[in-house]
Structure formats: structure tokens, C-alpha cells
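Some notes on the structure that comes next.
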Amino acid sequence: MSSTFDVKHDALPAGLAALEASAGTGKTYTLTHIVARQIIEQDVKIDRFLIVTYTRAAAAELRTRTRDAIVSWRDEIASGKIEPAVGREVALNRLEDAIANFDSATITTIHGFCQVALGSLGVQSGRVGKDTFDEANEALIREVVRDHLLRRLAMKPDDLSRADDALSASKSEETPRKIEEAVITVVNRFLGNQGSLLLSPDVNIAEPDAAISLAGDWGALVQDIVADIKDRRRSAGVATFDTLISDLAEQLSGINGDAAAAALRSRFSVVMVDEFQDTDRMQWQIFHRGFADTSLANPRTLIIVGDPKQAIYRFRGADVATYISAAHTQANSLHALAVNQRSDTLLLEGLNALFAGSTFDGADRIKYETVAARDGASEMGISFPAARETPESALQSVKPIEIRWVSPDETSASTDIILADLVDVVREHLGATLPVLDAERCEVGRRDVEPGDIGILVKSNTDGDKIALLLRKHGIPAVRSGVGSVEQSPAAVQLRALLYAMERPSDTRRGRLVANGWFFGLTPTEALEGTAILEIQQQLAAWADALTKFGVFHLWTTIRHRAGSLISIAAHGDGDRGYTDLEHLIEVLNRCLEGRPSSVDLCINILDDLASHASESEERRRRIDSDSAAVQITTIHSAKGLEYPIVLLPLVTKQPNNTNPEPFVFGYAGERLVDAGPGISWSEPGREGTPADRSIRKSLSEAEVNEEDRRLAYVALTRAKHRLVIWVRHSRGSEKGGLGRLLWGERVDGALTKPSDTHAPLAKDPESGVVKPTTTIEATACYEALAALAPLSISQRQIWMQTPGSGAEILGTQGGAPATKILDAERVLLRAGWRAWSYSSLTDDKSAISNYGPEALRDDEPNEHLSESQSPSEPNPWDALSAGTGFGDAVHRILEEADFALLRPAEDDTAAKASLIETVMVHKYRLSPSDKPETLRDCLLDAVRTPLDAGFNNRSIAEVIADGSLRELDFSFNLGSSPGATTRGGSADLALIATLSNQLAADDPFRSYFARIGPGMLSADVVSGYLSGSIDLVVRAPNDSGVQRYFVVDYKTNRQRQGHYDPGAVRGLMEHGNYPLQAAIYLVALQRYLRLRIGDSYDPALHLGGASYWFMRGLLGADTPITDGERNGVCSWTPSAAFINGLDNLLGGQS
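When the count follows the numbering used here, it moves up by one through the sequence shown with no breaks and lands on 1151 for the last residue.
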């Protein structure tokens, strides 16, 4: 049994503890405040915490929320609101120390933790850098499968064919391609369910039949393929998300496992695993062995946090049985959060009534527990006008939960009926009001419902796309969240068609093909006109030239700036959706090309490869297509963890997705099994009632799918804060779905009960006990009974097809929805600059800003080497090394991981060289074969021992970094979002940067550079969205008064054509690469960071030191020349505080 837990007053969990948090009960709040209390009461240092969650976005939010919790406790203790048992002064000192060193806390994803752990254990897990651990390496899997199939089928093409099997007799002829896809599916399912076993029959039984022999062949083949994949990954140094986990699990369970666990325990004292219901057996093995196994010394506090009712990621390998075993059986204590912080009182009462008696797994171990509303929660936050234009609009009839149902007699038309009704309901809710809450969550006023307050949840992307298109056609702004792979979106088809036409602009057939698409939008008649096609062919040729010379970002900018392109994309590409997907594809292409120019055919090949191996990793999942000023449409899976004031569920009463997926995956007798023979009717004689019987495999797998659909229904219904509307249809198979079970399941005294012979005499499905209405009379009785469960909370209403002409006009309003809530048809043009911006995408090859021509300089481009005539007069050891983006990336990663404390200037270089060569060798595969690791080591050692200027107290680079630095500071902030923003629509007018140049000193080296950044000088003059980036290094150095000043540092490996790195040449490199703008943006990001860290006492003139760019090829150690008082290879820039403040305000939207 679980006990309720109050994070403010109850004793802290210790040992292996489980914290079960139902939807909306403040899981993140509780977790982060446990951290604060551990710091105060147990004196746990911030760097001793390990907090793990399952996405980078969640980790970023958790990091922010954790710091906020620590600050909140500090402020409350300082004000006297809380009197800690350890004393006020002790508590404040501990909290202040945690805040000052907060960046040392490890708050990361499961894969990030595994990577850090493997690194600390001295294990090299593959050769791929951290930014490429995002795919399952589909290309390698397909390659290995094909190799094995070619060997197997070369002599006997029908060797693995299932065509003669009883299950496959009616299927079409089985081709090698079909066999290949089926084998890949089994392999992926097996690799994706880590810790599972592959199930195949015992072929050594007496007289095995053909099905058993065939399934045995498939099982042996899959085992060989999986082993080969692992071997090839190791030999090629390839690491994936899955191999990070399996490698760490092997380390902890291997011969040196005790030592590995001891190393982890010495690093972390308190470990918290968030979203633990989404874990699998191998991940649990890691955390248990690493921190909680009491057979080893010094077990740590391990808190697993989750909600098994929200375990909906079975298709990704999550195993809810692992959670149940860990939390309900192995944990020393099980705590539950029983107060809902999200929803109104009456809404919760209705949910409690609907879910009463619900269980969410086959063994009834996951049960619904009643939750209470928080103190001060309103009964019903949403309010509708007293008079509405519909007959059903009486105020007293509005309840927080509404069931709107279509008669079973109209099942064939139910989808059309529901979608027509949905439009009216959305408009009606846009005429309602919601509460405005203060910091204490007390209502202080009312506000109109905005489109972004409404969340429409669906079970499939197809339904979401259909609803988004419908709402937009009716003038209601609607956006689709980031679901599905962008490589398989309609935008990918359009972009490939454009590239196909660009590949051969002279081909009129290709020109006509693209003429009717998104980019030109001509009608078929217009596309036949010779003049129109000629203009398109000329445009295609120009775009192909831009791609070849400058790259895909420049191509995209050129397309966007062409008159009519945005209007055409908006009109033909589903508005914002198409624009956002195109922009996303451009970013993916640019990343694959490493920012280099490209041929058209290479881009086509990359797109084709991405499409054939589509992924829904965070980088490649489709993004939300605009800001929050629109109805949010998302799948239930994507909505997990989110909340909406109003939730609408229009098409969710349907049978579970993938009701009969093969290969079957299921749990049995404490193991996770994957059927190795999909579509093969094998059953071992004498083993009936076990997974060796196909009917048992099928039923166990289907049962898990149906149980997860119940949990999916729970997630959907618990996202609402104020209002929940459920549409019900009675389609075939819907009784097996989670919502069908909830609405039509047998109830005793109002609570759902297990099916039995005594009850449910009308049950249409004896196994589930579900009584699905089959007539209007039965439906009326059913939904009236449901409403009677909580008469103040639940209402029900039948809906039917409206007569022609009864609906509202396309751009009209109904139910009091003001016309201003409807977006203008050209809204996509107003936000054409809305995107994820970075310094690189802002400059987009804008070398025109610079006074220095490209002929005098050389950037980090690949395959470039100095000719003899271009060599500098003095030999430079860096000349023996290659150049290019790959080389630059390797240097950055080496410096990121180097131990600078060992690299300080010293008489004995032995330890320094040993440490540095070890780091270089880790990244040797990134270097050119001609690069000697020892040469790079010596060059880097000389570079980091180069003395800096007086701003750094004349210390060397290694000393500055070792004495206080923060490596790889990532940042992201919204543009045009400051409280004093004056620009339209949350944007920033970058064309005004030139006006800020007057804020720079007259002798500032980059004053003239910034004066040139006027209209047309950047990729876009007015931008909206968000700006992100990563600062290589932030260092601090005290001034003469002892006050710490903070500097932005960036490593550069650019090679100057003449080989000189005197101050003038370095400034030329800076301007040619638009690095002054980069430095200014980074200083704004650092300023925002310091405001948060230092607080109200932050003063840019005092704390912001400026930027220092280190051109590594010009840094030759203590002998690096000094020219006109400045160290060669170093560009230090200290802009005025007024300039940085001005740019900060400009990016915030102030003009």
C-alpha cells in the first residue's frame, strides 16, 4: 500500500523509494522541492545529484524548475516564512552554495547519463559524438539484413518464404523485398525491447512440422543478424541510443561490475529517475545495480518517480511490468501524491466518478486512486455567456465534462457528424471566459478564451491533419504539434520535386511538374504557357547556382525572398504547416551537409535516404507550426505531460491502434518476449497454454495493446484544467478501446467492475464486459446513467447531422466568439520570419557586411591546403595539419574534454602530454589520415599555454580555463518577448542594429562593421520565433577590485591565407566570418544568464567582461608575438554596456 506524501512536511524518502504521481498532482514540483530539502537537511552538494528524465526538452525544463525551487526555499527562509531545523544561517549557506554551483548538477536524459557514466568509467562507447546519438542506425541494420539474406537466398530463393504457411495462404506472392522488410521489423522490435528474449520454436522436437521448421529458421537468422549488427557497430565505432544503454549495462554486470557501481556511487549521492513508467528492464538494471543494490557497499538514495496509469510508450520498448516490479515489490517505500494541482473541483469529481473502479493492466495491479482538488481550486473555471445563439445554451446546463454522442443508427455518418459539430463547439468556446490567477493561484479577474487555450487530442496523425484542415477552412486558427517524421511530410515531397527540377532546369517536363507545386502555384493551364515555364526554368537555374555556391540556407533565403513564394507556400502547403516543415527540412539538410555548399543531386540523395529511414527523434520530429495563438491539435501520446484549459476529444472512441501487430511482443513469466516468426502459424505440440502456442502469443500481445489503450484514455481525459468535451461514436471495434471500456463497461454501485457471469447480462463482448449501445434508446439510457454518476459535473447530449445551410459561414462567428479571434488569411506572411534562428542562419553567407573580401581570407572549409607561395615567412607547426569543418569539430571536442588543470605551463610536460594525447586519440577518427595525433597534441599544448592580455591578468589560456570556466553554455530565448516589446507579433527588427553602432566607442574596432548592418544585410530584417546557440566557453577573471568579470570565449581554427595572425589579420577574419555579430549575440545571452545567476546586483559595466576569440593556429605559446600591444591570434573585444543593453532590448522586441 502507498502512503500519501507532502513534500513540505513529510520525512524525505530514503533508500530505494517510489513516488507515484497521478496526472496533475505536481510531480515535477515535488521532485524539485525534494532536491531543495536534501540540500538543506542532508547537506547534499548540488554536484552530488543525478536527475534523469527521458527527453532533452524535459531535462531542460527540469533544470530550470529545480533551480527555481532552490531559490524559492532560499527566499522563504530568508524572509522568515520557513524556519529550518538546521538553523537559518546554515540552510541559507547551503542553498547559496547550491545556487552558485548549480551548473555542476547532472540533470540529463537517460542517454546523456549513460554517456557521462561510460566516459567516467573510461569506456569508449563508439566513436560518434554526442550530437549524433539520435538514430537507431537504420542504414547499418538494412545493410546487415541484406548481406545475410543474399547469402541465404542466393541458392534457395524460397528458403524463408511464408507463402505456404496456413496464415499466409491467401496472401500475395512473397517476394525477397517483403521478406527483407519483415526481417527488419523483427530485428528492430527485438533491439528496441532491450533486455527481451527472442522466441522461436524448438526445432529439435520429434518430427517438427513445416511451420515449426520455418519459424526456427527465422529465429536463427534473426539471432545471427543481431549478433552481426553488434559486431559491426563495435568495429566501426558506431554508437546509438540503444548501445549507450546496453554498453553501460554490460559494464555494471560484467567482471568489473562491482568497481563500476562503486565508481557511480562515489560520484552521486541522490539519484532521481523521472517518468519511470516509461523505462525498460535494462534501464532498471542499470539504476538498481548502480545505486540501490544492497549487496554492494554504500547504496544511495534512489527515488523512482512516475505514474503507471500513463505508461503509453510500449511501442518504443517501455515495459510497465518493470515499473510495477520496481515500485510495488522492490522499493522500500511507495508514496503517492493525492492532491490534483491542475483541474477544477467539479471536473475532478466527474473524472473520479468516470474512472471509479478502473484498472489499467491485466492483473489489476494498476488501479485508479481518487484524487482531491487543491485548496482554493474553483468549482468551475470556465464561464459562458448567459445568452448564446444555440437552443442548448442555457447557462445552468454547462458542466465541466460533456459527452456528445452520435446515435448507433448513424454510425456510418458519425465522423462527418462529429467534425461538423466540432467546428461549432470550438467557436462556442471562443466566446467563453477563463479565470486570471495571481501568484498565489487566487482568481483576480477574467479573460476571454483564446484559440491557444483549446487542445484537440487525437489518436492518429491522420485525424489531426484532417481536423486542422477543417478548422482552417472555417477560419479558425489551428496548428499541429510536432508529430511524425518531417522526412515523410508533404513538404519533403515538394522539396524533392523542386530539387529534381533544379537538377535539370532545361527539362520542360520537370519545370511543369514543379510549376503546379507549392513554390510557384500555377494552375495547369498557366503551366502550359511557354513564357511562364521559361521564367520558371530561369529561376530554377538561379536557385541551383545558389545551392552549389552557397548552400541550402542561402537557397532557402533566396526562395523566401522571391515575390510570391510565401503566398504560394501558404496557399498550397496548408499555411504554417507547410512553411514550418520546409524550414525544418532545410535545417536537416544543412546539418547533414555540415553547412557546406552542395550539388543538387547530393541533396536529392540525402532526402531519399532520410525518407527511407524516417525517424521521430527529437531533431527530426515535425515541429509545432506556429505560436500558441491557435487551437492546438496533437496526438494523445504527444500531449502526455501537457495541460490545456479546454480539451476536446472528437475522434477517440475507436479500436486500439495496431490491434494485431506482428511480430508479437509481450510479457510472460517475468520475461519480455519477441516472436521471431511473424505471420507463421507455429505451435509446439504439448505446450498449449504457453507462448509456444500461437493463440496464446496473439492473445497476450493483444491484451497488452488493449490495456495500454485504457491508459491512453486516462492520459487524454486528464489533460483538462477547466473543460472536457468527449464525442462518442459506436464504430466497430470501439468496445475494445480504452474509452469504450470506460463509457460502456459494467458498473456496480457506479464503479467499473470485472466481467462476470452474475453481472453484465447485456454484454456484447463477454471477455471485456462492455455493453456497447446498439440503438438510440440504449445510448440515451447509457449516457444518462453516466451523467447521473456526477450530476454537477457531467452532462450528455445527442448530436446529429445538421441540415444544409444551418452551419455558420466560413469566416463568421457563433456563440459570441469575437471576429478578432479569427486569424487573417495572410497570417503566415506576417510570421514568415518565425523559426528557430541562430547566428549562422541570421548571417547566411552575408560576407557583404565585411570590408574584407573573401580572396584575402580562408574559412574552415574542407580539403583546402596552403600552396608554397602562400606560406608565411615564419614556419607554423599547424601547417602540418589539415583544415575544414571536420578538423575544427575535432579540435572543439578535444578542448571541451581536456583537463586544463594538467595543461598549465610547467617545466615537466609529461603529465600534460599524456593527458592531452589521450583526449586527442578519442577523437582521432574525426581527423584526416594525414594528421598526426602527436603534432596536434603539441600544437594544442602550445596554444593553451599562450599568455593572454591584462584583462585576464596575463595568465595563460589553460590557467584561465582551469581557474573558473563553464564549457558549452547552451541558450535559447524567445524573440520579441520582453515586457516592453513594441514590435508587432512578437518579433525583433534586426535592421535597427546599425543604429546601435553609435553606442560603441569611437575607437571600437567593430563600430563600422555594426554600422553596416542595416536593411537587407541579414537573412531577414524582421525575425520572430526564438534564438538559440551554444557558447564554447565562459570564463571569469577578477578585476583590480576583486570583482569577477565574465567573458565569452570562442575557439576558431580558421586558416588565414597568408598565414599571419597579427591584430589586423585577426580582425579581418572576425569580420569575414561575421564573428562580431556572433560575439554580440553571445554576450546578450551571457548577460541574461548572469542576470539570473547574480540577481539584482548584476551590472554589465562591472560583470560583463566582453568576448575573446582565440584563433588556435596563431597561438604558439609564450613566444607568440605581440603586435602593437596585442597578442597575435587573440581578438578581445569589450563593447560598451549601452550597446549590449541596446541589442538585448532590440532582440526583446523593443525599437
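All residues carry an ideal CB built from backbone N, CA and C; glycine is no exception.
On the premise that Leu-302 lies in contact with Leu-16, defined as a C-beta separation below 8 Å, what is that separation, rounded to the nearest angstrom? For this step, residue 16 is matched to residue 16 along the sequence shown. For this step, residue 302 is matched to residue 302 along the sequence shown. Contact between Leu-16 and Leu-302 is confirmed by a C-beta separation of about 5 Å, below the 8 Å threshold.
Which residues DSSP lists as bridging Ile-403, in chain order: One-based indexing of the sequence shown puts residue 403 at position 403. Its beta-bridge partners are Ile-726, Gln-796.
Out of Arg-1055, Leu-1090, Val-960, Ala-1101, which one is the CA nearest neighbour of Arg-1036? For the purposes of this step, residue 1036 is taken as the residue at position 1036 of the sequence shown. Nearest to Arg-1036 by alpha-carbon distance, out of Arg-1055, Leu-1090, Val-960, Ala-1101, is Val-960.
DSSP three-state label for Leu-823, please. Here the question's residue 823 lines up with position 823 in the sequence shown. Annotation note: pLDDT 34 at Leu-823 (below 50); position unreliable, coordinate value reported separately. Coil, per DSSP.
Can we say the region 742-753 touches the region 343-362, given the rule of at least three CB pairs closer than 8 Å? With the cut-off at 8 Å, the region 742-753 and the region 343-362 touch.
Hey, how far is the Cα of Leu-1143 from the Cα of Leu-1033? For the purposes of this step, residue 1143 is taken as the residue at position 1143 of the sequence shown. For the purposes of this step, residue 1033 is taken as the residue at position 1033 of the sequence shown. If you take the alpha carbons of Leu-1143 and Leu-1033, they lie about 21 Å apart.
Only counting runs of 3 or more residues, tell me where the beta strand (DSSP E) segments fall wholly within the region 181-212, in order along the chain. If we require 3 residues or more, the beta strand (DSSP E) runs fully inside the region 181-212 come out as 197-199.
Is it a yes or a no for the region 243-254 touching the region 706-715, going by three-plus beta-carbon pairs under 8 Å? These segments do not touch.
Confirm, please, whether the CB-CB distance from Ala-478 to Ile-633 is below 8 Å. By one-based count along the sequence shown, residue 633 stands at place 633. By one-based count along the sequence shown, residue 478 stands at place 478. With respect to the 8 Å criterion, Ile-633 and Ala-478 are classified as neighbours on the basis of their beta carbons.
Pull up the distance between the alpha-carbon of Thr-390 and that of Tyr-1098, whole angstroms please. The sequence position of residue 390 within the sequence shown is 390, counting from 1. The sequence position of residue 1098 within the sequence shown is 1098, counting from 1. Unreliable positioning characterises Thr-390 in this predicted model, as indicated by a pLDDT of 44, which lies under 50. The coordinate reading is nonetheless provided below. About 57 Å.
Of the residues Thr-28, Glu-20, Arg-1007, Val-320, the one placed nearest Arg-711, counting alpha carbons only: Taking the sequence shown and counting its residues from 1, one reaches residue 711 at position 711. Checked all of Thr-28, Glu-20, Arg-1007, Val-320; the closest Cα to Arg-711 is Val-320.
How many whole angstroms separate the CB atoms of Leu-585 and Ala-492, which I take to be in contact at a CB cut-off of 8 Å? For the purposes of this step, residue 585 is identified with residue 585 of the sequence shown, where counting begins at 1. For the purposes of this step, residue 492 is identified with residue 492 of the sequence shown, where counting begins at 1. Yes, Leu-585 and Ala-492 are in contact; Cβ-Cβ is about 6 Å, under 8 Å.
Cβ-Cβ distance between Ile-1081 and Tyr-839 below 8 Å: On the sequence shown, position 1081 is the one that residue 1081 refers to. On the sequence shown, position 839 is the one that residue 839 refers to. The Cβ atoms of Ile-1081 and Tyr-839 lie closer than 8 Å to each other.
When you compare only the Cα positions, how much space is there between Leu-1027 and Arg-955? As a position in the sequence shown, residue 1027 is number 1027, starting the count at 1. As a position in the sequence shown, residue 955 is number 955, starting the count at 1. Distance from the CA atom of Leu-1027 to the CA atom of Arg-955, rounded to whole angstroms, is 33 Å.
When the Cα of Asp-364 is compared with those of Pro-308, Leu-642, Ile-1122, which residue comes out closest? The residue labelled residue 364 in the question sits at position 364 within the sequence shown. Answer by Cα proximity: Pro-308.
Please list the terminal residues of the continuous beta strand (DSSP E) segment that includes Arg-1185. Here the chain comprises residues numbered 1 to 1151, so residue 1185 is not present and cannot be evaluated.
Would you list, in sequence order, the uninterrupted alpha helix (DSSP H) runs of no fewer than 4 residues that lie entirely inside the region 350-383? None, since the region 350-383 contains no complete alpha helix (DSSP H) of that length.
How many Å lie between Asn-1054 and Leu-1115 at the Cα? To locate residue 1054, count along the sequence shown from 1; it is residue 1054. To locate residue 1115, count along the sequence shown from 1; it is residue 1115. It is roughly 12 Å from the alpha-carbon of Asn-1054 to the alpha-carbon of Leu-1115.
Under 8 Å between the Cβ atoms of Leu-50 and Phe-268? As a working mapping, residue 50 is identified with position 50 in the sequence shown. As a working mapping, residue 268 is identified with position 268 in the sequence shown. Yes; because the gap between Cβ atoms is below 8 Å, this pair is in contact.
CB contact below 8 Å: Ala-958 versus chain C: The structure shown contains no chain C; it holds only a single protein chain.
Counting along the chain, where does the beta strand (DSSP E) carrying Cys-1131 start and finish? For this step, residue 1131 is matched to residue 1131 along the sequence shown. For Cys-1131, the enclosing beta strand (DSSP E) has its first and last residue at 1130-1133.
Is the Cβ-Cβ distance between Glu-702 and Gly-679 less than 8 Å? Here the question's residue 702 lines up with position 702 in the sequence shown. Here the question's residue 679 lines up with position 679 in the sequence shown. It is not a contact, given that the beta carbons lie outside the stated cut-off.
From Gly-24, Arg-65, Ala-18, Ala-14, pick the residue whose C-alpha is nearest to that of Glu-41; which is it? Residue mapping note: residue 41 aligns to position 41 of the sequence shown, counting from 1. Measuring from the Cα of Glu-41, the nearest candidate turns out to be Ala-14.
Per DSSP, cross-strand counterpart(s) of Trp-1110: Numbered from its first residue, the sequence shown carries residue 1110 at position 1110. The partner list for Trp-1110 (beta bridge, DSSP) reads Tyr-1051, Val-1130.
Anyone know if the C-beta pair for Gly-737 and Thr-653 falls short of 8 Å? Start at 1 with the first residue of the sequence shown, and residue 737 comes out as number 737. Start at 1 with the first residue of the sequence shown, and residue 653 comes out as number 653. Yes. Within cutoff.
Could you say which of Leu-895, Thr-1120, Arg-496 lies nearest to Pro-875 if we only look at CA atoms? As a working note, residue 875 is residue 875 in the sequence shown. Closest by alpha carbon: Thr-1120.
Delimiting residues of the beta strand (DSSP E) encompassing Val-458: As a first step, residue 458 is located in the sequence shown; it is residue number 458 there, counting from the start. Element bounds for Val-458: 454-458.
Is it buried or exposed, Cys-939, if we count other Cβ atoms within 10 angstroms and call 16 or more buried? Translated into positions along the sequence shown, residue 939 becomes position 939. So Cys-939 ends up on the buried side.
Could you have a look at Glu-671 and say whether DSSP puts it in helix, strand or coil? Against the sequence shown, residue 671 aligns to sequence position 671. Judged by DSSP in its simplified three-state form, Glu-671 adopts strand.
Does the region 682-690 come close enough to the region 643-653 that 3 or more CB-CB pairs lie under 8 Å? As far as the Cβ criterion goes, the region 643-653 does not touch the region 682-690, which means the pair count is below three.
Three-way DSSP call (helix, strand, coil) for Ile-304 in this model: Translated into the one-based positions of the sequence shown, residue 304 becomes position 304. DSSP places Ile-304 in the strand class (E or B) of the three-state scheme.
Use the C-beta contact count for Gly-853: other C-beta atoms within 10 angstroms, 16 or more gives buried, fewer gives exposed. As a first step, residue 853 is located in the sequence shown; it is residue number 853 there, counting from the start. Residue placement at Gly-853 is flagged as unreliable, the pLDDT there being 40, under the threshold of 50; the coordinate-derived value follows with that caveat. So Gly-853 counts as exposed.
Under DSSP, the beta strand (DSSP E) around Ser-987 begins and ends at which residues? Here residue 987 refers to the residue found at position 987 of the sequence shown. Looking at the DSSP string, the run of the beta strand (DSSP E) that includes Ser-987 is 987-989.
Pair within 8 Å by beta-carbon distance, Ser-377 and Thr-345: The residue you call residue 377 lines up with position 377 of the sequence shown. The residue you call residue 345 lines up with position 345 of the sequence shown. The residue asked about is misnamed: residue 377 is Ala in this sequence, not Ser. Yes, the pair counts as a contact, with Cβ atoms nearer than the cut-off.
Mapping the DSSP letters down to three states, classify Gly-1149 as helix, strand or coil. Stepping through the sequence shown from its first residue, residue 1149 is reached at position 1149. Gly-1149 falls in the coil class under three-state DSSP.
Whole-angstrom C-beta distance between Ala-327 and Leu-334, which should lie under 8 Å: Here the question's residue 334 lines up with position 334 in the sequence shown. Here the question's residue 327 lines up with position 327 in the sequence shown. Correct: roughly 6 Å between the Cβ atoms.
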